[in-house]
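Using the working numbering, the first residue of the sequence shown is number -8, and each one after it goes up by one.
Contents: one structure, followed by commentary.
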Amino acid sequence: MFAFDISKDIATEAKQVHIATRSPDVKLGKLENHNNIWHHMMIDHVCEDGRVVFQDGSSVCADTIFYCTGFKYRYPFLETNGVVTVDENRVGPLYSHVFPPSLAPGLFFIGIPVKVGPIFNTIELQSKWVAHVLSGKVLLPKEEEMMASTNEFYKKMQELGLPKRSTHFLTPYQVGYQNWLCAQIGLPPLEKWRYQMYEESVKNIIEMRDGYKDRWDDAY
């Protein structure tokens, strides 16, 4: 949604705004209620004269290109002798997205997962898990077991045809992951209302589209 939000702001000044999206749920063409915003397929290539060619062969001439493609993990300050690497945006190997098996518990990563719903809940639970491990209240599995668990996760991703860059996208199993973290530190599962609130907010974005930040409806 961030690209769309930015596009709305730019559209108040620009003559035309063209959004390239990989989402299969987005309707291509001119957006309803907008005279100067279009959705297109992903970009195939950009010509030297500024012409942008999309995957379906259509093209537009662009003065400026904004990259709203997310971010890449990068740790130039981290020296692990190749134990922890970033491969196609997969930080690994990480046991449960936190501990490198061969360097645990001395090295850990907080906040790696994305598209995980209430992200701050995840960060808080990860932090508590790490604190419990460092204080000796919780023991991690053996290195071999953590590595086996991580490899099994990678194997399932491959079987499902998921690219490495989706390793830390936890949307399909965010509830299970957060409740697993709760179990590690002896907490009950997170309340269902948290997920219901998140799901309703996503629903509002889809249904209200343009006005989801500006409208208030007691029915929601």
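Glycine residues also receive a C-beta, built at the ideal position from the N, C-alpha and C atoms.
- In this structure the region 92 to 108 touches the region 155 to 162; the number of beta carbon pairs closer than 8 angstroms is three or more.
- Annotation: the region 36 to 119 contains the following complete segments of the beta strand (DSSP E) (minimum length 3 residues), in chain order: 42 to 45, 50 to 52, 76 to 78 and 81 to 83.
- In this structure, DSSP gives V8 an extended state, which the three-state scheme calls strand.
- The criterion of a C-beta distance shorter than 9 angstroms is satisfied by M137 and Y86.
- Our two residues, C52 and E79, have alpha carbons roughly 30 angstroms apart in a direct line.
- Inter-residue distance for R42 and K128 is about 59 angstroms (C-alpha atoms, whole angstroms).
- For G167, the uninterrupted alpha helix (DSSP H) segment begins and ends at Q165 to Q175.
- The beta-carbon distance between L94 and T71, rounded to whole angstroms, is 7 angstroms. This is short enough to meet the 8 angstroms contact definition.
- Counting along the chain, the unbroken alpha helix (DSSP H) around M138 starts and ends at E134 to E150.
- DSSP places H123 in the helix class (H, G or I) of the three-state scheme.
- CA-to-CA, the gap between A(-6) and Q169 works out to about 28 angstroms.
- With a beta-carbon spacing of about 4 angstroms, L172 and L116 fall inside the 8 angstroms limit used to define contacts.
- Residue state for K21 is assigned as strand, using DSSP reduced to three classes.
- Per DSSP, the unbroken beta strand (DSSP E) holding H30 starts and ends at I28 to H31.
- When the alpha-carbon of G108 is set against those of P96, L22 and W184, the nearest one is in W184.
- With a cutoff of 9 angstroms on beta-carbon distance, P92 and F99 are scored as not near each other.
- In this structure, M33 keeps its C-beta atom at 9 angstroms or more from the C-beta atom of L19.
- Check the Cα spacing between A2 and each of N195, L69, H36 and T55: the tightest is with T55.
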